[in-house]
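Student: Respectively, the protein sequence lines represent chains A and B.
According to my numbering, the first sequence is numbered sequentially starting from 488.
According to my numbering, the second sequence is numbered sequentially starting from 488.
Number of protein chains: 2
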Amino acid sequence: MTAGNYIHKSRYMESENIVPALAALAQSTRLDVFRLLVRHEPEGLAAGEIARSLAIPQNTMSSHLSVLSRAGLVSARRFGRSIVYRADLACLRAVVLFMLRDCCEGRPEICAPLIEDLTPCCSPKPKKRKAYV
Amino acid sequence: MTAGNYIHKSRYMESENIVPALAALAQSTRLDVFRLLVRHEPEGLAAGEIARSLAIPQNTMSSHLSVLSRAGLVSARRFGRSIVYRADLACLRAVVLFMLRDCCEGRPEICAPLIEDLTPCCSPKPKKRKAYV
DNA sequence: ACTATATTTCTAGTTATATCGAAATAATAG
DNA sequence: CTATTATTTCGATATAACTAGAAATATAGT
Numbered sequence: 488m489t490a491g492n493y494i495h496k497s498r499y500m501e502s503e504n505i506v507p508a509l510a511a512l513a514q515s516t517r518l519d520v521f522r523l524l525v526r527h528e529p530e531g532l533a534a535g536e537i538a539r540s541l542a543i544p545q546n547t548m549s550s551h552l553s554v555l556s557r558a559g560l561v562s563a564r565r566f567g568r569s570i571v572y573r574a575d576l577a578c579l580r581a582v583v584l585f586m587l588r589d590c591c592e593g594r595p596e597i598c599a600p601l602i603e604d605l606t607p608c609c610s611p612k613p614k615k616r617k618a619y620v
Numbered sequence: 488m489t490a491g492n493y494i495h496k497s498r499y500m501e502s503e504n505i506v507p508a509l510a511a512l513a514q515s516t517r518l519d520v521f522r523l524l525v526r527h528e529p530e531g532l533a534a535g536e537i538a539r540s541l542a543i544p545q546n547t548m549s550s551h552l553s554v555l556s557r558a559g560l561v562s563a564r565r566f567g568r569s570i571v572y573r574a575d576l577a578c579l580r581a582v583v584l585f586m587l588r589d590c591c592e593g594r595p596e597i598c599a600p601l602i603e604d605l606t607p608c609c610s611p612k613p614k615k616r617k618a619y620v
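1) What does DSSP give as the partner residues of Ala533/A in its beta bridges?
2) Cβ of Lys615/A less than 8 angstroms from any chain B Cβ?
3) Should Ala542/A go down as buried or exposed, given a rule of 16 or more other Cβ atoms within 10 Å for buried?
4) To the nearest angstrom, how far is it from the Cα of Leu524/B to the Cα of Leu576/A?
5) In the DSSP assignment, find the unbroken alpha helix (DSSP H) run with Ala599/B in it and report its ends.
6) Under a CB-based cut-off of 8 angstroms, is Ala490/B close to chain A?
7) At least one CB of chain A closer than 8 angstroms to the CB of Asp604/B: is that the case?
8) Between Ala533/A and chain B, is any beta-carbon pair separated by less than 8 angstroms?
9) Grab me the residues of Ala510/B's own chain with a C-beta within less than 6 angstroms of its C-beta, minus the 5 sequence neighbours each way, in chain order.
10) If you follow the alpha helix (DSSP H) that Ala558/B is in, where does it begin and where does it stop?
11) Which whole-angstrom value is the C-beta distance of Arg573/B and Ser562/B, which I expect to be below 8 angstroms?
12) Quick one, are the C-beta atoms of Leu518/B and Ser502/A less than 8 angstroms apart?
Right, dumping it as structure tokens:
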């Protein structure tokens, strides 16, 4: 309803959702947290370990984690006394996709170099493919 | 020197530079401005036109443009009385690449779905393709 | 030099964010 | 039930961001 030309697909992120996600990452401690959690996928990391790992007081870290969580970039699940946080990689992909969708509109040549940079480390499904191409 | 494991390459963006870039985009007016400028590549758009186009006072817009500019996301060039702003797509790519580098480290399967989503609209050199698949 | 136009800088009020001590909540063990 | 551990919420302060009116700067035309 809100100025909608886009067909809503769940993996796409809309403007209203992207700003909190970018804001959540636009803070050095939170960016470090998110990167740490990405490196610890898929096991995740308890709140206390995150705080200790980055040398930030637990309550401060808790507030950062809640920002990341509200933005959808991390998820939290309780295990006993601990609350284990995990990076939400689908959300990361949605953010990236949102940013690239704009520059791709009608001009693929803009994103092509990016895909080329990315392909060496991230070529799709190297094992189940019959062959490449 | 600052905790450096990465080999510095110019197209890669470091932590210190990415936070201002994300912060610049983490504001709805500025995100709109950037998207507008991407759509107007490569001609660019004068500051006044940007302000008028988004119905924001010129001085307010000027301050937003300077944030985007400091972050390296836009460039400015004077033409007569006007100052024409352009989106810096290399910077956008560097931001995206930074975010993806982390999730690709050692696990290509994370970014592969993203590349697959991107490929239909942005496959490298689309004209030289024989046909679509 | 004067006027009109385009944009920025100055300034100030308002709002939001970051940080962290202290208190509160939640789960486990004895 | 009490003690211990893990985490969050509350509250207060400090810093930064957003907004926009008013003044300043820069360019072009007359």
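Note that beta-carbon positions come from the ideal geometry of N, C-alpha and C, so glycine has one too.
All of these numbers come straight from a predicted model, not from anything done at the bench.
Tutor: The answer reads as follows:
1) The residue given as residue 533/A occupies position 46 in the first sequence. Val571/A, per the DSSP bridge assignment.
2) As a first step, residue 615/A is located in the first sequence; it is residue number 128 there, counting from the start. Because Lys615/A carries a pLDDT of 46, less than 50, the predicted location of this residue cannot be relied on, and the following value inherits that uncertainty. No - not a single Cβ of chain B is within 8 angstroms of the one on Lys615/A.
3) By 1-based counting over the first sequence, the position of residue 542/A is 55. Classification for Ala542/A: exposed.
4) The sequence position of residue 524/B within the second sequence is 37, counting from 1. The sequence position of residue 576/A within the first sequence is 89, counting from 1. Roughly 28 angstroms separates the two Cα atoms.
5) As a first step, residue 599/B is located in the second sequence; it is residue number 112 there, counting from the start. Going by DSSP, Ala599/B is part of the alpha helix (DSSP H) stretching over Ala599 to Cys609.
6) The count along the second sequence starts at 1 and reaches residue 490/B at position 3. For Ala490/B, the predicted structure reports a pLDDT of 36, less than 50, and the residue's modelled location is therefore unreliable. The matter cannot be settled from this model.
7) What you label residue 604/B is simply residue 117 of the second sequence in a count that begins at 1. With 8 angstroms as the cut-off, Asp604/B counts as an interface residue toward chain A.
8) Counting from 1 along the first sequence, the entry for residue 533/A is found at position 46. No Cβ of chain B is located within less than 8 angstroms of the beta carbon of Ala533/A.
9) For this step, residue 510/B is matched to residue 23 along the second sequence. Answer for Ala510/B: no residue qualifies.
10) For the purposes of this step, residue 558/B is taken as residue 71 along the second sequence, with counting starting at 1. Looking at the DSSP string, Ala558/B is not in any alpha helix (DSSP H), and its letter there is neither H nor E.
11) As a first step, residue 573/B must be located in the second sequence, where it is residue number 86. As a first step, residue 562/B must be located in the second sequence, where it is residue number 75. Their Cβ separation, rounded to whole angstroms, is 5 angstroms, which keeps Arg573/B and Ser562/B in contact under 8 angstroms.
12) What you label residue 518/B is simply residue 31 of the second sequence in a count that begins at 1. What you label residue 502/A is simply residue 15 of the first sequence in a count that begins at 1. Taking the C-beta atoms as reference points, Ser502/A is found nearer than 8 angstroms to Leu518/B.
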